[in-house]
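Position 30, counted from 1, in the sequence shown is what this note's numbering calls 438; the numbers after and before it change by one each time, with no gaps. Down below is the structure, laid out as structure tokens.
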Amino acid sequence: MSGAKYDYIFQVLRHRIESGEYEFQSLLPSENVLATDFSCTRNTVRKALALLASQGHIQPMQGRGIQVIHRRRTSPPRHPSAFLLGGIESLKEAASRNGVGVRTRMLSLDEGTVDADLADRSGMREGADILTVRRVRTLDGVPLIIDTNVFLRSVVPRLTRQVVESSIYSHLEYELGVTVSSATRIVTVEPATEEDRSLLRLDGTGCVVVVTSSTFDSAGVLFEHTISRHSAVGFEFHTTAQRLPPAL
Numbered sequence: 409m410s411g412a413k414y415d416y417i418f419q420v421l422r423h424r425i426e427s428g429e430y431e432f433q434s435l436l437p438s439e440n441v442l443a444t445d446f447s448c449t450r451n452t453v454r455k456a457l458a459l460l461a462s463q464g465h466i467q468p469m470q471g472r473g474i475q476v477i478h479r480r481r482t483s484p485p486r487h488p489s490a491f492l493l494g495g496i497e498s499l500k501e502a503a504s505r506n507g508v509g510v511r512t513r514m515l516s517l518d519e520g521t522v523d524a525d526l527a528d529r530s531g532m533r534e535g536a537d538i539l540t541v542r543r544v545r546t547l548d549g550v551p552l553i554i555d556t557n558v559f560l561r562s563v564v565p566r567l568t569r570q571v572v573e574s575s576i577y578s579h580l581e582y583e584l585g586v587t588v589s590s591a592t593r594i595v596t597v598e599p600a601t602e603e604d605r606s607l608l609r610l611d612g613t614g615c616v617v618v619v620t621s622s623t624f625d626s627a628g629v630l631f632e633h634t635i636s637r638h639s640a641v642g643f644e645f646h647t648t649a650q651r652l653p654p655a656l
């Protein structure tokens, strides 16, 4: 229940920041005020604020408060959607946050096992049973992403076309009870393939942006390996960075 509470607070505060109710470089209400407003403990508020900080919306400042560092766009975005490189959200969630329409078309859904090549690329155990899903993702009517998702069957035993074309993460979290915890990502630029050219709108560009992700549940199980091929036409990723300690 506390997890649902801090997530709710996070969603409300994020909306207030992104809508401009809390302006760029203004200070948020104090933890005590927020705890009173949301009828919760300060610890629950801190969890919500930590999520906001991890996504680059706020910056805690010792002795001064919590400053909004997210800058609201003053003109319409060039891209149909903006993704969070440092956060984990489904495409359906990202589309809702950005106010764009999303449609998913399943290309294939296959059972198999992790071979030596996939084990080397993903870190999954060779011989493990898997489901492999391939999808085309359309944003505001424009085909922009080809997703290839590999799921461990020990965590995701079965998928249907309806689930695949709706939201796999909703199925994982609300029906299977999986707690998605963390992911590692690699972003590369690669030449477009024949499949990319036939399925995606590339507008003459000869390359795509490839995001390779390995996702872990709360038990530390690497249950998903994903390769997302993005058209440069609709590509925009957001992240936040913090200064590392200087090298010795």
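Backbone N, C-alpha and C fix where the C-beta goes; we use that ideal spot for every residue, glycine too.
Exposure of H646 is indicated by the presence of fewer than 16 other C-beta atoms within 10 angstroms of its C-beta. Between A456 and the set D525, L436, T620 and F559, the nearest pair of CA atoms involves L436. Only exposed fits E519, as fewer than 16 other CB atoms lie within 10 angstroms of its CB. Shown here, F643 sits in coil according to DSSP, grouped into three states, outside any helix or strand. For P565, no pairing in a beta bridge is given by DSSP. Per DSSP, the unbroken beta strand (DSSP E) holding V476 starts and ends at G473 to V476. Rounded to whole angstroms, H638 and G471 show a C-alpha spacing of 43 Å. DSSP, reduced to helix, strand and coil, places D523 outside both helices and strands of the structure shown, so it counts as coil. When rounded, the separation of the alpha-carbon atoms in V420 and V564 is 31 Å. When secondary structure is reduced to three states using DSSP, F418 falls in the helix class.
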